[in-house]
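Participant: The structure follows.
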Amino acid sequence: MTMSIQTRREILRRAAALSTVGAAASTFGFQLATVGAAAAQTAPDFKALVCIFLFGGNDAHNMVLATDTDSWSRYFAARNTGAVPIALMPVGTPPTPVGEVNPVTGRTSTLQIPESWGGVLPITPSTPNPVPAGTNASVRTFGLHPHLGPLVPIWQAGRLAVAANVGPLIQPTTKAQYRARSVPLPTSLMSHNDQQATWQAGSAEGARRGWGGLMADQFLSLNGTNNVFTAMSTAGNAVFLAGQNVVQYQVTATATPAVRITSAAATTTTVFGAANAGARVREIIRDTSGASYFMKDYAAKVVRSMDSSELLNAAFATPAISGVPAPSQLVNPITRASETNALAVQLQAVARTIAANASLGLRRQVFFVSMGGFDNHDVQNTAQSPLMARLGHAMAYFDSVLSNLNGVDMRQAVTTFTASDFSRTFTTNGDGTDHAWGAHHFVMGGSVRGGRIYGQYPTLGVDQTNGFQNPDMSGNILIPTMSVDQYAGALGRWFGVPQASLDSIFPNLRNFSGGIPDFMAGAIA
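Quick note on my numbering: the sequence shown kicks off at 179 and runs consecutively.
What follows is the structure in structure tokens.
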């Protein structure tokens, strides 16, 4: 049968519509229901970075808290106010049963307010965090949000660390310099799109390459012929994974089979309404006789996309793949209903992909997963609390799954970290918070020097309130003391990126005399 140029063009157009973002982002045939635990750990030098991006700007003030007397009193004064106070309860406070009066606040408890959740969960850093000037405590103490309970054992086991007061910076910036605008500042601070791009790519909206992709660039040759799987996203297109040469490969985390146009599907899949048409469609796409150079190039990309999908399907078809368990159901702390944790499902996809690496032969991978809903200008109690529960549940699930991928502990080879647009204002706006700057973040893995807080946890308290001068805040906004470049640089150094390449990826890194924090073990010098 002779196929016209117009018909071939239509086939290509429809094939493109079946993919996520073209060649390297195709999801043809990625069926997570069949993924399982192959032995990625057989590679002698395998490492993976997993970015959990919290879209909307997570309120880190209610995620990792200082609980020493001075810090807590200023925190509580700033947040135990407004129409619906958002202050969490002190360490050791038992949950107040619904309908009863809380002894700390005098309010009647409901599922929607912190009184019913109990106090923040104490964590003790193995190395004391410096006590800031003007604080009467001899040592600082800390706690986690009440719904981050699954992370406490990981902290205690030394696989979870906190990076304190992280944010985009061009150079070290003091409160006085920020107020006077006497030093260069990142573009469009406190803007969602711009700060998401700045966190992922070092510049505002419109950035084309991210530091995850630029790190992945360093290992394309190491990853051999299957390097299309070097940078993978379960959360759609992310500039974080865009490199000079790396093109992110997007996969679905829903376990819904995608349309497949592969040789394996040729006899079983209905394509464009016709049975057994897969092989014919592939033949049509490969036949570019008489086509323009543009069509030939595009057809080649579509073919590579299909070939990659077929390769991934073959990797997932191995008998051992079924060994990666699904995450358990999560009990929503507000509704008390059981639910599927979408973030945990994404991390299950990551674990299964790492497990499938035995047949892919990769040495380095970078992953991007995400969770939204953090722009809590109002109803923060009912909005952020389930998000914290999902984050803790998903990270603990991932830690557990990695501990036994096909019988081997892979936690030392995989480092997971959080990122977000920004944190929120220290004060409440009535029942929520607004956009701010510096934030605290988690780093998890077997190579993490865990059980510690890295960087200076800031002085708490609204600046210029009742004569109080806070060196770390301008008004109610934290000024970061650890730059994203430093935070990411520590991850990159562990990943194996040479210092010269780190200096190129993060050109502002040389502006920070403190250098790269040491929260990663086994990093190259």
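Just so you know, even glycine gets a beta-carbon here, dropped at the ideal spot from N, CA and C.
Looking at C-alpha atoms only, which residue of V417, V242 and D612 is the closest neighbour of D553?
Facilitator: Residue numbering aside, residue 553 sits at position 375 when the sequence shown is read from its first letter. It is D612.
Participant: Give the straight-line distance between the Cα atoms of M241 and T247, rounded to the nearest whole angstrom.
Facilitator: Translated into the one-based positions of the sequence shown, residue 241 becomes position 63. Translated into the one-based positions of the sequence shown, residue 247 becomes position 69. Approximately 18 Å between the Cα atoms of the pair.
Participant: Alpha carbon to alpha carbon, what distance is there between V228 and N510?
Facilitator: Walking along the sequence shown from the start, residue 510 turns up at place 332. Walking along the sequence shown from the start, residue 228 turns up at place 50. Taking the straight line joining both Cα atoms gives about 25 Å.
Participant: If the criterion is Cβ atoms closer than 8 Å, does the pair A572 and F600 meet it?
Facilitator: Here residue 572 corresponds to residue number 394 of the sequence shown, with the count starting at 1. Here residue 600 corresponds to residue number 422 of the sequence shown, with the count starting at 1. Taking 8 Å as the Cβ cut-off, A572 and F600 do not qualify as a contacting pair.
Participant: Indicate the three-state DSSP secondary structure (helix, strand or coil) for V417 in the structure shown.
Facilitator: Here residue 417 is taken as the residue at index 239 of the sequence shown, counted from 1. Reduced to three states, the DSSP call for V417 is helix.
Participant: Helix, strand or coil for T598, going by three-state DSSP, please let me know.
Facilitator: As a position in the sequence shown, residue 598 is number 420, starting the count at 1. Checking the sequence shown, residue 598 turns out to be Ser, not Thr. Here S598 sits in strand by DSSP.
Participant: Please go through the same chain and pick out, in chain order, the residues whose beta-carbon is closer than 7 Å to the beta-carbon of W672, but skip the five residues on each side of it.
Facilitator: As a first step, residue 672 must be located in the sequence shown, where it is residue number 494. Cβ within range, chain order: T593, S625, M698, G700 and A701.
Participant: Excluding the 5 residues flanking R257 on each side, which residues of the same chain have their C-beta closer than 6 Å to its C-beta?
Facilitator: Along the sequence shown, one-based indexing puts residue 257 at 79. Excluding sequence neighbours, R257 sits near I264, A265 and T606.
Participant: What residues are listed by DSSP as bridge partners for P300?
Facilitator: Counted from its first residue, the sequence shown places residue 300 at position 122. The partner list for P300 (beta bridge, DSSP) reads G321.
Participant: Could you give the distance in angstroms between the alpha-carbon of F206 and the alpha-carbon of G670?
Facilitator: The residue given as residue 206 occupies position 28 in the sequence shown. The residue given as residue 670 occupies position 492 in the sequence shown. Bear in mind that the predicted position of F206 carries a pLDDT of just 28, short of 50, making it unreliable; the figure below should be weighed with that in mind. So the alpha carbons of these two residues sit roughly 31 Å apart.
Participant: Assuming M549 is part of the beta strand (DSSP E), what are its boundary residues?
Facilitator: The residue given as residue 549 occupies position 371 in the sequence shown. Looking at the DSSP string, the run of the beta strand (DSSP E) that includes M549 is R542 to M549.
Participant: For V544 and A226, I'd like the C-alpha separation in whole angstroms.
Facilitator: If you number the sequence shown from 1, residue 544 lands on position 366. If you number the sequence shown from 1, residue 226 lands on position 48. Their Cα atoms are separated by approximately 6 Å.
Participant: Under the three-state reduction of DSSP, which class applies to G700: helix, strand or coil?
Facilitator: Your numbering for residue 700 matches position 522 in the sequence shown. Coil, per DSSP.
Participant: Note the first and the last residue of the continuous alpha helix (DSSP H) segment covering N559.
Facilitator: Within the sequence shown, the letter at position 381 stands for residue 559. Taken as a continuous stretch (DSSP letters only), the alpha helix (DSSP H) holding N559 covers Q558 to L580.
Participant: Shortest alpha-carbon distance to G391 belongs to which of A666, S691 and P695?
Facilitator: As a position in the sequence shown, residue 391 is number 213, starting the count at 1. Of the listed residues, the one whose Cα sits closest to G391 is A666.
Participant: Given a threshold of 16 other Cβ atoms within 10 Å of its Cβ, counted over all protein chains shown, does S682 qualify as buried or as exposed?
Facilitator: Reading the sequence shown from its first residue, position 504 is the one you call residue 682. Classification of S682: exposed, given that the 10 Å Cβ count is below 16.
Participant: Would D395 and N423 be called neighbours here (beta carbons separated by less than 8 Å)?
Facilitator: On the sequence shown, position 217 is the one that residue 395 refers to. On the sequence shown, position 245 is the one that residue 423 refers to. The answer is yes: Cβ separation under 8 Å.
Participant: Considering just the uninterrupted stretch of the beta strand (DSSP E) at L232, what are its terminal residues?
Facilitator: Position 54 of the sequence shown holds residue 232. Residues K225 to L232.
Participant: Rounded to a whole number of angstroms, what is the C-alpha to C-alpha distance between T301 and G610?
Facilitator: The residue labelled residue 301 in the question sits at position 123 within the sequence shown. The residue labelled residue 610 in the question sits at position 432 within the sequence shown. It is Ile, not Thr, that sits at residue 301 in the sequence shown. Spanning the two alpha carbons is a distance of roughly 26 Å.
Participant: Taking the straight line between their C-alpha atoms, what separation do you get for T376 and M660?
Facilitator: By 1-based counting over the sequence shown, the position of residue 376 is 198. By 1-based counting over the sequence shown, the position of residue 660 is 482. Each residue's Cα considered, the two are about 15 Å apart.
Participant: Here's the rule: buried if 16 or more other CB atoms are within 10 angstroms of the residue's CB, otherwise exposed. What is N314?
Facilitator: As a first step, residue 314 must be located in the sequence shown, where it is residue number 136. N314 comes out exposed.
Participant: Going by the C-beta, is I264 closer than 7 Å to any heavy atom of the ligand GDP?
Facilitator: This structure does not include the ligand GDP; it has no bound ligands of any sort.
Participant: Could you tell me if R688 is buried or exposed, where buried requires 16 or more neighbouring beta carbons within 10 angstroms of its beta carbon?
Facilitator: Here the question's residue 688 lines up with position 510 in the sequence shown. So R688 ends up on the exposed side.
Participant: Would you kindly work out how many angstroms separate the C-alpha atoms of P649 and T637, rounded to a whole number?
Facilitator: As a first step, residue 649 is located in the sequence shown; it is residue number 471 there, counting from the start. As a first step, residue 637 is located in the sequence shown; it is residue number 459 there, counting from the start. So the alpha carbons of these two residues sit roughly 7 Å apart.
Participant: With M393 as the anchor, note down where its alpha helix (DSSP H) starts and where it stops.
Facilitator: Residue mapping note: residue 393 aligns to position 215 of the sequence shown, counting from 1. Note, M393: alpha helix (DSSP H), W389 to D395.
Participant: For A354, does the count of other Cβ atoms within 10 angstroms reach 16, so buried, or fall short, so exposed?
Facilitator: Position 176 of the sequence shown, counting from 1, holds the residue named residue 354. Its Cβ having fewer than 16 others within 10 Å, A354 is exposed.
Participant: Do Q349 and T560 have their beta-carbon atoms positioned less than 8 Å apart in this structure?
Facilitator: The residue you call residue 560 lines up with position 382 of the sequence shown. The residue you call residue 349 lines up with position 171 of the sequence shown. Contact flag unset, no.
Participant: For T446, name the three-state secondary structure that DSSP assigns.
Facilitator: On the sequence shown, position 268 is the one that residue 446 refers to. In this predicted model, T446 has a pLDDT of only 49, less than 50, meaning its place in the structure is not dependable; the value taken from the coordinates is given anyway. If DSSP states are grouped into helix, strand and coil, T446 belongs with coil.
Participant: Along the chain, where does the beta strand (DSSP E) containing S679 start, and where does it finish?
Facilitator: On the sequence shown, position 501 is the one that residue 679 refers to. It is not in any beta strand (DSSP E) - S679 instead sits in the alpha helix (DSSP H) that spans Q677 to I683.
Participant: The beta strand (DSSP E) spanning G345 covers which residue range?
Facilitator: As a position in the sequence shown, residue 345 is number 167, starting the count at 1. Looking at the DSSP string, the run of the beta strand (DSSP E) that includes G345 is L338 to G345.
Participant: May I ask which residues mark the beginning and end of the beta strand (DSSP E) holding F673?
Facilitator: Locating residue 673 in the sequence shown gives position 495, where the first residue counts as 1. Run containing F673: none in the beta strand (DSSP E); it sits in the alpha helix (DSSP H), V662 to F673.
Participant: Roughly how many whole angstroms lie between the Cα atoms of G621 and L338?
Facilitator: Your numbering for residue 621 matches position 443 in the sequence shown. Your numbering for residue 338 matches position 160 in the sequence shown. Going by the sequence as given, residue 621 is Val instead of Gly. Going from the Cα of V621 to the Cα of L338 covers about 6 Å.
Participant: Would you call F576 buried or exposed, if buried means 16 or more other Cβ atoms sit within 10 Å of its Cβ?
Facilitator: As a working mapping, residue 576 is identified with position 398 in the sequence shown. Buried is the call here.
Participant: For the beta strand (DSSP E) that contains L243, what are its first and last residues?
Facilitator: For the purposes of this step, residue 243 is taken as the residue at position 65 of the sequence shown. Where L243 is concerned, the enclosing beta strand (DSSP E) stretches over V242 to A244.
Participant: How many angstroms separate the CA atom of S691 from the CA atom of T412?
Facilitator: Translated into positions along the sequence shown, residue 691 becomes position 513. Translated into positions along the sequence shown, residue 412 becomes position 234. For S691 and T412, the distance between alpha carbons rounds to 36 Å.
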